[in-house]
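Peer 1:
Protein chains in written order, with the working numbering: chain S, 1 to 175; chain X, 1 to 175.
This is how it looks when you write it as structure tokens:
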């Protein structure tokens, strides 16, 4: 199964696609989408939508996982983050993919083992877990981490459904 | 020329379409789009997108005007508002329409004459200015008001370009 992780932001949106086979994970591709800050807001959202759509069509993931970054202290930035997150939830849903959101703390706990891991630790762990993922941008590393977190969550759910263990990592329902 | 006004919100998004002929305004249609709060967030954004797309295809406006409601005190609500506003900016832009945002104060000043007008005053003024607009929901009244504000702004711009007067009502560029 293929999972795409998205770390949405109006200026930069990270994305990362992994292949999940049971407990084995394989890096497929990653990158960063940029919107042109000199364009108007509506056009920047169109750029993000077009970029995400192209990635989804190129790599055909089966499920999407989106980082649920907490609101910023600056309300104007929170509005912009909301717009970018809205596009990141909307575009995969329009193509029929299930979309799950994960809080950054849950992602860090899942991939590094502690909810307070630093950005560099997350990037290092991604390069360790996914050998093909080199020269990662911070946003692409975060996006791959969300995808890995979703893969862990899926496998934990499967184990739980099979009655073997309790689910340790909780994905937030997107409500 | 046809203008659609949008008052975006995740739960309720008001819309209103008017016909602008020189200084004359005519009501075409209005309504409220609802997203189902029991669905997940991605699906609610899909519902808003589908609803807006249907309205745009039914009434074929030439330009869109979106109310730029200020951020809420509650960061979680601000994020949701950002998502709904993102969809309201994205959908008309995807269909090639120019999109302008207006602050609520500018809309009220334009349609009632004071930036501190109450919601009921805006609704009453809409029914006065646009005789066909009856039984307006609060969100549809606000959406029609944004459309009327855009029409005023366009005619002021035209007069200004013709060297007759200074622009009094400023539309915010969507950046």
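Glycine is no exception: its CB is placed at the ideal position from the N, C-alpha and C atoms.
Check each residue of the region 39-52 of chain X: if its Cβ is closer than 7 Å to any Cβ of chain C, include it; give the result in chain order.
Peer 2: Here the protein chains are S and X, and chain C is not one of them.
Peer 1: Excluding the 5 residues flanking residue 72(S) on each side, which residues of the same chain have their C-beta closer than 8 Å to its C-beta?
Peer 2: Cβ neighbours of residue 72(S) beyond the five flanking positions: 78 and 81.
Peer 1: With burial defined as no fewer than 16 other Cβ atoms inside 10 Å of the residue's Cβ, what is the status of residue 91(X): buried or exposed?
Peer 2: Counting Cβ neighbours within 10 Å, residue 91(X) comes out buried, since at least 16 surround it.
Peer 1: Below 9 Å on C-beta distance, what does residue 75(X) contact in chain S?
Peer 2: Those within 9 Å of residue 75(X) in chain S are 70, 71, 72, 73, 75 and 78.
Peer 1: Please determine, among 127(S), 62(S) and 47(S), the residue with the shortest C-alpha to C-alpha distance to residue 154(S).
Peer 2: The candidate whose alpha carbon is nearest that of residue 154(S) is 62(S).
Peer 1: Kindly indicate which three-state DSSP category residue 134(S) falls into: helix, strand or coil?
Peer 2: Coil at residue 134(S), not helix or strand.
Peer 1: Closer than 8 Å by beta-carbon distance: list the chain S residues that pair up with residue 93(X), in chain order.
Peer 2: In chain order: 42, 43, 45 and 46.
Peer 1: List the residues of chain S that residue 113(X) touches, going by C-beta distances under 8 Å, in chain order.
Peer 2: By Cβ distance, chain S contributes nothing, its closest Cβ being about 28 Å from residue 113(X), past 8 Å.
Peer 1: Take residue 75(X) and list the residues in its own chain whose beta-carbon comes closer than 6 Å to its own, dropping the five residues that flank it on each side.
Peer 2: Cβ neighbours of residue 75(X) beyond the five flanking positions: none.
Peer 1: What I want to know is whether the C-beta of residue 47(S) ends up closer than 8 Å to one or more non-hydrogen atoms of the ligand NAP.
Peer 2: For the structure depicted, the ligand NAP is absent and the ligand set is empty, with no information on it obtainable.
Peer 1: Classify residue 96(S) as buried or exposed, calling it buried when 16 or more other Cβ atoms lie within 10 Å of its own Cβ.
Peer 2: Per the 10 Å Cβ criterion, exposed.
Peer 1: Quick one: what's got a C-beta closer than 8 Å to residue 44(S)'s C-beta in the same chain, skipping five residues either side?
Peer 2: So the qualifying residues of the chain are 10, 35, 36 and 37.
Peer 1: Tell me the DSSP bridge mates of residue 122(S)?
Peer 2: According to DSSP, which records beta bridges pairwise, residue 122(S) is partnered with nothing at all.
Peer 1: Taking the Cβ atom as the reference point for each residue, do residue 140(X) and residue 14(X) lie within a distance shorter than 9 Å?
Peer 2: Contact: yes.
Peer 1: Could you pull the DSSP bridge partners for residue 15(X) from this structure?
Peer 2: Note: residue 15(X) sits in a beta bridge opposite 6(X) and 31(X).
Peer 1: Could you confirm whether any beta carbon from chain S is found closer than 9 Å to the beta carbon of residue 103(X)?
Peer 2: So no, residue 103(X) is outside the interface.
Peer 1: Express the C-alpha separation of residue 12(X) and residue 156(X) in angstroms, rounding to a whole number.
Peer 2: Going by the C-alpha atoms only, they are around 31 Å apart.
Peer 1: Say whether chain X places a C-beta atom closer than 9 Å to the C-beta of residue 81(S).
Peer 2: It does; some Cβ of chain X falls within 9 Å.
Peer 1: Taking just the CA atoms, how far does residue 146(X) sit from residue 168(X)?
Peer 2: In this predicted model, residue 168(X) has a pLDDT of only 47, less than 50, meaning its place in the structure is not dependable; the value taken from the coordinates is given anyway. Whole-angstrom Cα-Cα distance: 16 Å.
Peer 1: Could you please give the first and the last residue of the uninterrupted beta strand (DSSP E) stretch that includes residue 68(X)?
Peer 2: Where residue 68(X) is concerned, there is no enclosing beta strand (DSSP E), given that its DSSP letter is neither H nor E.
Peer 1: In the DSSP output, what is residue 63(S) paired with across the bridge?
Peer 2: DSSP lists 3(S) as partners of residue 63(S).
Peer 1: Got a sec, what are the start and stop residues for the alpha helix (DSSP H) residue 111(S) sits in?
Peer 2: 104-111 is the span of the alpha helix (DSSP H), which, as asked, contains residue 111(S).
Peer 1: Counting only beta-carbon separations shorter than 9 Å, does residue 148(S) have a partner in chain X?
Peer 2: By this cut-off, residue 148(S) is not an interface position.
Peer 1: Counting only beta-carbon atoms, is residue 85(S) nearer than 9 Å to chain X?
Peer 2: Chain X contact via Cβ: present.
Peer 1: Kindly list, in the order they appear in chain X, the residues whose Cβ is closer than 8 Å to that of residue 89(S).
Peer 2: Going along chain X in sequence order, the residues near residue 89(S) (Cβ under 8 Å) are 41, 42, 45 and 83.
Peer 1: Just the C-alpha distance for residue 166(S) and residue 4(X), rounded to the nearest angstrom, thanks.
Peer 2: Note on residue 166(S): pLDDT 48, under 50, position unreliable in the model; the coordinate value appears next. For residue 166(S) and residue 4(X), the distance between alpha carbons rounds to 52 Å.
Peer 1: Under 8 Å: do the region 97-111 of chain X and the region 47-65 of chain X share three or more Cβ pairs, one atom per stretch?
Peer 2: At 8 Å Cβ cutoff, the stretches touch.
Peer 1: Could you give the DSSP three-state label for residue 159(S): helix, strand or coil?
Peer 2: Helix.
Peer 1: Taking only the alpha-carbon atoms, compute the straight-line gap between residue 118(X) and residue 107(X) and give it to the nearest angstrom.
Peer 2: One C-alpha to the other measures close to 12 Å.
Peer 1: Which residue marks the beginning of the alpha helix (DSSP H) containing residue 80(S), and which one marks its end?
Peer 2: That run of the alpha helix (DSSP H) goes 75-94.
Peer 1: Secondary structure at residue 25(S), three-state DSSP: helix, strand or coil?
Peer 2: Here residue 25(S) sits in strand by DSSP.
Peer 1: Can you give me the C-alpha to C-alpha distance between residue 132(X) and residue 31(X), rounded to a whole angstrom?
Peer 2: About 13 Å.
Peer 1: So with CB distances below 7 Å, who are the chain X contacts of residue 99(S)?
Peer 2: Chain X residues near residue 99(S): 42.
Peer 1: Beta-carbon separation of residue 151(X) and residue 86(S) under 9 Å?
Peer 2: Against a cut-off of 9 Å, the Cβ pair of residue 86(S) and residue 151(X) comes out as no contact.
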